[in-house]
Structures are given as structure tokens and as C-alpha cells.
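Read the structure below first, then the notes.
2 protein chains.
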Amino acid sequence: MAEAIDPWGSKTVSDYAHVFKEFGLQEFPEKFREKLNHRFFERKIIIAHRDFEKIFSRIESKKPFINITGIASSGNYHFGHKAGIELFLFFKSLGAKNHFSVSDIDAYTSRDDSKIPTLKKAKEHAVSNIQDLLSLGLEEKDIFVQSGKETRYYEFAFELSKKITRNTFEAVYGHIDLGKISANLLQYADILHFQLEEFDGKMPSITGIGLDQDPHARLTRDIAKRLPYNLEMPSFIYFEHQSGLMEGTKMSSSQPETAIFLNDSIKDSKKKLSNTFTGGRPTAEEQRKLGGNISICKKFEFDKFHLKDSKELSKIRENCLSGKWLCGECKLYTIEYVSKFLEEHQKKRADNLEKAEKMAYGK
Amino acid sequence: MAEAIDPWGSKTVSDYAHVFKEFGLQEFPEKFREKLNHRFFERKIIIAHRDFEKIFSRIESKKPFINITGIASSGNYHFGHKAGIELFLFFKSLGAKNHFSVSDIDAYTSRDDSKIPTLKKAKEHAVSNIQDLLSLGLEEKDIFVQSGKETRYYEFAFELSKKITRNTFEAVYGHIDLGKISANLLQYADILHFQLEEFDGKMPSITGIGLDQDPHARLTRDIAKRLPYNLEMPSFIYFEHQSGLMEGTKMSSSQPETAIFLNDSIKDSKKKLSNTFTGGRPTAEEQRKLGGNISICKKFEFDKFHLKDSKELSKIRENCLSGKWLCGECKLYTIEYVSKFLEEHQKKRADNLEKAEKMAYGK
Chain G
341 MAEAIDPWGS KTVSDYAHVF KEFGLQEFPE KFREKLNHRF FERKIIIAHR
391 DFEKIFSRIE SKKPFINITG IASSGNYHFG HKAGIELFLF FKSLGAKNHF
441 SVSDIDAYTS RDDSKIPTLK KAKEHAVSNI QDLLSLGLEE KDIFVQSGKE
491 TRYYEFAFEL SKKITRNTFE AVYGHIDLGK ISANLLQYAD ILHFQLEEFD
541 GKMPSITGIG LDQDPHARLT RDIAKRLPYN LEMPSFIYFE HQSGLMEGTK
591 MSSSQPETAI FLNDSIKDSK KKLSNTFTGG RPTAEEQRKL GGNISICKKF
641 EFDKFHLKDS KELSKIRENC LSGKWLCGEC KLYTIEYVSK FLEEHQKKRA
691 DNLEKAEKMA YGK
Chain Z
341 MAEAIDPWGS KTVSDYAHVF KEFGLQEFPE KFREKLNHRF FERKIIIAHR
391 DFEKIFSRIE SKKPFINITG IASSGNYHFG HKAGIELFLF FKSLGAKNHF
441 SVSDIDAYTS RDDSKIPTLK KAKEHAVSNI QDLLSLGLEE KDIFVQSGKE
491 TRYYEFAFEL SKKITRNTFE AVYGHIDLGK ISANLLQYAD ILHFQLEEFD
541 GKMPSITGIG LDQDPHARLT RDIAKRLPYN LEMPSFIYFE HQSGLMEGTK
591 MSSSQPETAI FLNDSIKDSK KKLSNTFTGG RPTAEEQRKL GGNISICKKF
641 EFDKFHLKDS KELSKIRENC LSGKWLCGEC KLYTIEYVSK FLEEHQKKRA
691 DNLEKAEKMA YGK
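Going down the list, the protein sequences come from chains G and Z.
Under this note's numbering, the first residue of the first sequence is numbered 341, with each subsequent residue one higher.
Under this note's numbering, the first residue of the second sequence is numbered 341, with each subsequent residue one higher.
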């Protein structure tokens, strides 16, 4: 039997080859990359897909498709989340019907009480999350909060539970936990319900996820097939694994030192970037001579995900490999653009607080 | 470990003594029976309780309490359901806040597709169920349909899932089935959510259930304790087991010959009552001499539950035990009052169809 991948954990999974082979993921094809004008495609940050052809053909023929993604409101957003949000914004720019789920109930039921003891706490996170979403360029109409949804959504979340056997669930997730079952039911509903006639109606949908979330994707597609609604199978594209700032980690809300949060102070972000694990050599002399070991550098990986200008990214690469820049200087470059981003972003966050509260509490 | 009782099955459980002992059920006390003016108490049809003292004291001091019960919309209501509805009406007459759940989502997710293949089917049953409820004397404001509830109810149903461990669930129900988990979450929510400040607020609640539903009751009380809302522990009273019309059966929607349905034709109900298992002797002569074996008579049990006039019930008993009436004559008595009830009830059902449809479909 295939090894179950735990989408709840935060360990690094170093090798996804078996996923491609065992679960039938498709490598993301060059022919699509060329026509999708975003650094995530250019830089092969998007590495795989299921049924993306359908979406590509909608984009080419300028027909609408559903752009649906979401993040559990289990804490503040960090740069890892920002990548997912930017992908969402890219599909928005291509004429999609846009739905971003701020998943407060999901966060509450799936996280330990030590982290999220009450639904109220999850809603506080939701406010902060919405501030980020609005500040990054989403409009109010693009965002929904799970706890503010209409009856049909919840009915549908319960309804689809009938289409999942206990054995399937346990095989996919490696556990049967009632709170996490609830969170999953809501996640399947998030993705699928917009295809119901009461919402956007039947059409292809696209969701960008991490490779470790593929079990969700597979099960969501399986449920789509079993429901009595003639739904289009949802499409997914997959992000390359995004490392944390430390060696061997994933960006994780539960380990603040591994990630830069969108509401981190400039000071904290500087400190985190200064402490980031790089591919620096033991001595300056060696590094001048050999260049940095860029393939293990978490700071360069951060740039690859987040620095928008591809020419600048090439320059960093050259400066590293040629030994022109030592790691300290290179970090300063990143600190500068991150500080500038955070400063502007946090101004927008403040401006969006009131609106975010209204959206989270439905007032 | 205690044997799990399966509330989904429809087998006769002949001996509940172990339930009383193992699970701490209280026998329903005489002091309450005397003051509760309804045949269910007088005739010891209500046999047990959990925390009924709280309700009794609210009744005596004329303070409100929550009267909450529900039936899954898995088919037409029969006389077994009618007993539960009459108990609900009794508490309504005592000044309760009344909430009857027409459980359409529950019915869909917990029943096999062979029985309820779509939510649409469950809603069709809901219409018929509401027709019965209105015809039996409930008002529109006493009834809610699960699929028509507001967001907070669903949010709460998901929220409480976090308070149930997999082990508890499996120990109580003997299974982990996602559709049935959904049904259960809604049932806990049905009972508990009215105590939230957004609804009636904290106060004692009463629910009448069959003894075989006690696992639900225990788990519901356990959840009430664990939620961060300072809820009153819900109270329960327990019906004696209600047999079907055939030997060794329970009244069951899935075996139509075991029950008289509230929309059965007079002809069908006559046939079912004529075929009911009685305590008749092998020959008329013996029966005239010995009287009927009333303790095994399903027809007399039916009368005990459903014949309102206690003097008439005593007369039947005497006529049986003395040998004055043979079973055929005795059945005619029951056929007469049942036919009269059905005739009147079905007129009311027809009058209530349009209203029931509006309530079920939220139009």
C-alpha cells in the first residue's frame, strides 16, 4: 500500500518522486509554462498538475473557470501563504470566478486546543487573514469566511460525507479524528460547492496546493465523481515544496522562526533573514574562490519564490556563484526588498482592519 | 467493556436491565408520575430518566425549559413516531420552548442509498413528516427543518465535533462511518444549540427517546460538558420499548408490515391490525375458559400506547382476561378507533400539504 502523506504535519518531505509515480500526478508541461506569464511557472515553482488542460483551454478561449483556494485561520499568514495568494491573484487576472476561503471553522476543529481553544480565537485570526488578503489585492467579493456561509454550503458539506468510506478516509489521512473529519468535509465543500447550480454552476475549477496536500485533492476528485450532481472534476496545480528559513524545515506558523509573517515587524524580519540558513563556505576566502553552495541556500529559495524581477534573481545567482557577494551582502539585498514590502503591506493592513472585522464577524 | 447498543438497528432488545445498571439510568420515580397527567406516565410507558428533576422543578415553578426532539426524515411517520410526538405535545402544553427537528440531512447521510439516494428524497419525506406534525397539533413555530437552519447551527455542529474522540465514538456506536458521524453531529447540535445565547439561552432541556437511543444521550451530555459554553446538561426521559405488530419486531419504517403509518389507507391499517400477533389461545373454547395471554399480545401493547381513554383500556384488559372477547372482536375495537383517527388525521394532512411544502423547501 502507498505510504500515507500527512497534510497536517510540518516535516520536510525530501522526495516526491513516489507521489508522481504512485498517485498519477502529471509533471507540469512546458507548453503551458510558456503561455502563463508568472514567475511561478517560469521558475518551475509549479511542478505538477491534475487536469490543468481543462483550465488552460478555458483561459485560451476566455471562458470563465472557478478559482478556489483557502487557508485555515490558524494563525497569521506568512510568506509561504503569500505564494498561494499570489497564484490565486494570477488566476483572478485571467478572468476566473474567484473564491478565497478564510477557513475559521476548519482551523478550530482541526487544531489542538492548545493552539486554537475556541472558535472565537479562529475568528480573530480570520480578521488578520482578511487584512492580508485585501492588502495583497483581493477584493471583498473574492473572499468568503466559512462561518459566514449560507445554509446550502453546510448542507452540502454534510451531504458529501456520505460519499466517503471510513477505510478510504483512514487510508488517505492515516487517522480518523472527528474534528479533522469536520475540517476536511468543509474543505471538500469549499472546492466543490461553487459548481452547484445555486452558485456558479458546473465548470472547471483550479486550486493551487502544496504537493503534500495531494491526498485532499485525490479524495476531493473522488467525491466529485460520487455525488449526484454531475460535477466537473476539480483541477489542481502543485507548488514545489517551500522550505522554511532554517535547514530542513517547512515554513510553519507553529515555528515562527521558520517563516516571515506578513505582520512581522521590520526588526523581526531582518533578524530572521539574517539568521537564515545559506550555502555559505567556511571562510570568506573559500567563498570568494568557489562561490556559494546555492542549491542548499534557503535565502536563495526565498528569493526564487518571492523576488518578482527575474533579472534581479539572475543577478543574485551570478553574484553568489561567482563569489562576488558573500552571504551577508546577499542577505542585505533580500532584507531590503522584504522590508520595503512589509512596510507598505502593513500600512494597507491597518487601513483594511475595519473592513476585515466586518467581513469576519458578518456585521 | 459495556456492550455497544446500536441505535441504527431495528432488532428487539429484550432486556434493558444491564443498561440501567451499567450506564446509570434512573428508573422514572412515582412522585413525578402522579403529577404528570398523561397516559405515558400513568401507564409506565416512560420508564427511565436522566436528570428529569431539573425539568420537573421548572414545570412546578412555571419556568420555561427547552422541549427538543426530532425524527429523521427517512420515511413516513408511523404510530411509533406518533408516541414521541404526543410526548412532545405534552411538554408543549406545560409551557416549554418547543423545537421539533425534521431531520432531513441526518436522514440522507445516515441511510443507505438504496433507501435515501438523494437529499431531495429526504426532503420529500420531510414534507410528509411536517404534514403529520401540523395535523397532530404542532404549530409552524414549533418545527424546524435541518436543511433550513441558520449558519450558527451548522457552525455549532462542526464545532462540537472537536469534543468527541474517535475512541469514544467507536465505543458508543460500534462504527466509524462518515455519513453517520455527520448525522450524529447534527443530532447533538439539534439538542444543544438552543442553549446558546443566540437562541433560547442556557436552560434545562428535555428530550424523550427510546431506551436504545441512550448512547446518543450519554454522548450528548458528555459533549455539553466539554464545550466552552457553560451549558445545562440536557435531560432525557426514556420510552419503554415499543414492539411492532408482529412477534419479536420493532415498529420499523423499513418493515411496513410491523407498523401502521399515519398515511396508511384505512384498508391497509385494517389488514395490518387483523394480522397483528396476539395472545390468543389455540381454540375459542380454551380462550373463553382461560382468557387471552395478554402479556404477549402486540395488539394490547398497541392499545396501551395509543388508546387515550384509560377506562376503555381497562375494559379491553378485562374482556381479554375474562375470555369475554376473543381476539377477532378485540381487534375490531382497535380497528375502529384507529380508522376514525386515520380518517380525521388524513383530512388534516391534506389541508396541511401546501404549508408543509413551504416549510420544507423554505419558500
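We treat Cβ as the ideally placed atom computed from N, Cα and C, and that holds for glycine.
The structure displayed is predicted, hence computed values, not measured ones.
Practice item. Check whether the Cβ atoms of Ala-690 (chain Z) and Lys-463 (chain Z) sit closer than 9 Å, and answer yes or no. Key: no
Review point. Grouping DSSP H, G and I as helix and E and B as strand, with all else coil, what is Glu-367 (chain Z)?
Key: strand
Check your understanding: Going by DSSP, what residues sit across from Val-485 (chain Z) in a beta bridge?
Key -> Z:Val-442
**Study point:** Every unbroken beta strand (DSSP E) within the stretch 455-536 of chain Z, with a cutoff of 3 residues, ordered by chain
**Key:** 483-485
Review point. What span of residues does the alpha helix (DSSP H) with Asn-407 (chain Z) cover, start to end?
Key: From DSSP, Asn-407 (chain Z) is part of no alpha helix (DSSP H) but of the beta strand (DSSP E) over 406-412.
Practice item. Output yes if chain Z places a C-beta closer than 9 Å to the C-beta of Ile-531 (chain G); else output no. Key: no
Exercise for review: Compare the C-beta of Met-341 (chain G) against all C-beta atoms of chain Z and say whether one is closer than 9 Å.
Suggested key: Its pLDDT being 31, under 50, Met-341 (chain G) is placed unreliably by the model, and nothing is read from it.
Exercise for review: Using a Cβ-Cβ cut-off of less than 8 Å, list which residues of the stretch 600-616 of chain Z approach chain G; keep chain order.
Suggested key: none
Review point. Which residues in chain G sit within 8 Å of Tyr-513 (chain Z), going by Cβ to Cβ distance?
Key: Within 8 Å Cβ-Cβ: nothing; Tyr-513 (chain Z) doesn't reach chain G, min ~12 Å.
Review point. Expressed to the nearest angstrom, what Euclidean distance is found between the alpha-carbon atoms of Trp-665 (chain G) and Asn-659 (chain G)?
Key: 5 Å
Exercise for review: Please name the residue in Z:Met-543, Z:His-646, Z:Ser-443 and Z:Glu-537 whose C-alpha comes closest to that of Ser-468 (chain Z).
Suggested key: Z:Ser-443
Review point. Does the beta carbon of Ser-593 (chain Z) sit closer than 9 Å to a beta carbon anywhere in chain G?
Key: no
Check your understanding: Within 9 Å (strictly less), CB to CB, does Ser-545 (chain Z) reach chain G?
Key -> no
Review point. Among residues of its own chain, excluding the 5 on either side of Asp-472 (chain Z), which ones have a beta-carbon nearer than 6 Å to its beta-carbon?
Key: Tyr-417 and Leu-602
Check your understanding: Anyone know if the C-beta pair for Phe-576 (chain G) and Asp-554 (chain G) falls short of 9 Å?
Key -> yes
Review point. Is it the case that the Cβ atoms of Ser-397 (chain G) and Ala-466 (chain G) are separated by a distance below 9 Å?
Key: no
Review point. Quick one: Cα of Ile-516 (chain Z) to Cα of Tyr-448 (chain Z), how far?
Key: 17 Å
Check your understanding: Comparing the C-beta of Thr-352 (chain Z) with each C-beta of chain G, is any distance below 9 Å?
Key -> The pLDDT assigned to Thr-352 (chain Z) is 35, lower than 50, so where the model puts this residue is not dependable; a value taken from the coordinates is nonetheless given after this. It does not: the Cβ of Thr-352 (chain Z) has no partner Cβ on chain G nearer than 9 Å.
**Study point:** Minimum Cβ-Cβ distance from Leu-526 (chain Z) to chain G less than 9 Å
**Key:** yes
Point to revise | For Glu-499 (chain Z) and Pro-369 (chain G), the rounded distance between their alpha carbons | key: 42 Å
Exercise for review: Just confirm the distance between the C-beta atoms of Glu-362 (chain Z) and Ala-388 (chain Z), as a whole number of angstroms; I'd bet it's less than 8 Å.
Suggested key: No, Glu-362 (chain Z) and Ala-388 (chain Z) are not in contact; Cβ-Cβ is about 13 Å, not under 8 Å.
Review point. How about Asp-446 (chain Z) and Ser-545 (chain Z): do their beta carbons lie closer than 9 Å?
Key: no
Review point. Does any C-beta atom of chain G lie closer than 9 Å to the C-beta of Gly-415 (chain Z)?
Key: no
Point to revise | Helix, strand or coil at Tyr-578 (chain G) according to DSSP, with G and I counted as helix | key: strand
Review point. Using the C-alpha atoms, what's the distance from Phe-380 (chain G) back to Lys-651 (chain G)?
Key: 15 Å
Practice item. Quick one: list the residues of chain G neighbouring Ile-504 (chain Z), beta-carbon separation under 7 Å, in chain order. Key: Leu-518
Check your understanding: I think Met-573 (chain Z) touches Arg-561 (chain Z), with their Cβ atoms under 8 Å apart; what is that distance to the nearest whole Å?
Key -> 5 Å
Point to revise | Asp-517 (chain Z) CB to nearest heavy atom of the ligand SAM below 8 Å | key: With respect to the ligand SAM, the structure shown offers nothing to examine, as it has no ligands at all.
Review point. To which residues of the same chain is Glu-697 (chain Z) closer than 6 Å at the C-beta, ignoring the five residues directly before and after it?
Key: Val-467
Check your understanding: Rounded to a whole number of angstroms, what is the C-alpha to C-alpha distance between Asp-604 (chain Z) and Pro-596 (chain Z)?
Key -> 10 Å
**Study point:** Close-in-space but distant-in-sequence residues of the same chain around Asn-438 (chain Z) (CB under 6 Å, 5 per side omitted)
**Key:** Asn-407, Lys-432 and Asp-482
Point to revise | Cutoff 7 Å; reference Asp-674 (chain Z); Cβ partners in own chain excluding five residues on either side | key: Going by the sequence as given, residue 674 (chain Z) is Thr instead of Asp. Closer than 7 Å at the Cβ level, and outside the excluded window around Thr-674 (chain Z), lie Leu-613, Lys-639, Phe-642 and Asp-643.
Check your understanding: Does Ile-345 (chain G) have its Cβ less than 9 Å from a Cβ in chain Z?
Key -> Reliability of the predicted coordinates at Ile-345 (chain G) is poor, the pLDDT of 44 falling under 50, and the value obtained from them is presented with this limitation in mind. So, not an interface residue.
Practice item. Could you tell me whether the Cβ of Phe-360 (chain Z) comes closer than 9 Å to any Cβ of chain G? Key: no
Check your understanding: Based on the DSSP output, what are the partners of Ala-388 (chain G) in its beta bridges?
Key -> G:Glu-367 and G:Tyr-578
Review point. First and last residue of the alpha helix (DSSP H) that includes Gly-424 (chain Z)?
Key: 419-433
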